[in-house]
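Residue 1 is where the sequence shown starts when you use this note's numbering, and the numbers rise one by one after that.
All residues carry an ideal CB built from backbone N, CA and C; glycine is no exception.
As the structure is a computational prediction, the values presented were derived from the model and not from experiment.
For reference, the structure is listed below as structure tokens.
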Amino acid sequence: MQIFFRHLTPWEGTLRGLNAIFDLAVFLGECVIARNPRAHWIELAAVSDEGEAMESASQLGGISQRDGLDPMGEIIYICEDDANDLRDMTPGERVRADRLLGRVRDYAMR
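Here's what the structure looks like:
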């Protein structure tokens, strides 16, 4: 997760393609903002004593959730479920095609 939260290494070689996951997180955030006029991007500095980020620095505020929404964290977990399905050869068991839309609807209504 640190590769997404701290951006210390260029996404090249074996990290190539991670930009698509990052883009999905931005898309999730923008979709929530489009459906909820109170929602907006906020920047947080969330770093541990060891220098590791505890969460993404770009989150959504203005929604009635105590800690806001971390679109990057949401997308990482969705992609992790997909990866587990592929590894276990059980496509769709954990993740449905409409899961991202469901997350947008969930957060847009708060």
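Item, Value
"DSSP state of Ile42, grouped into three classes?", "strand"
"Could you round the C-beta distance between Ala39 and Met72 to whole angstroms and report it? I think they count as a contact, below 8 Å.", "The pair is not a contact, with the Cβ atoms about 15 Å apart (cut-off 8 Å)."
"Mind checking whether the beta-carbon of His40 lies closer than 8 Å to any heavy atom of the ligand ADP?", "The ligand ADP is not part of this structure, which contains no ligands at all."
"Quick one: grab the DSSP three-state call for Gly61.", "strand"
"Contact defined as beta carbons within less than 8 Å: I believe Arg103 pairs with Leu28. What is the distance between those atoms, to the nearest angstrom?", "6 Å"
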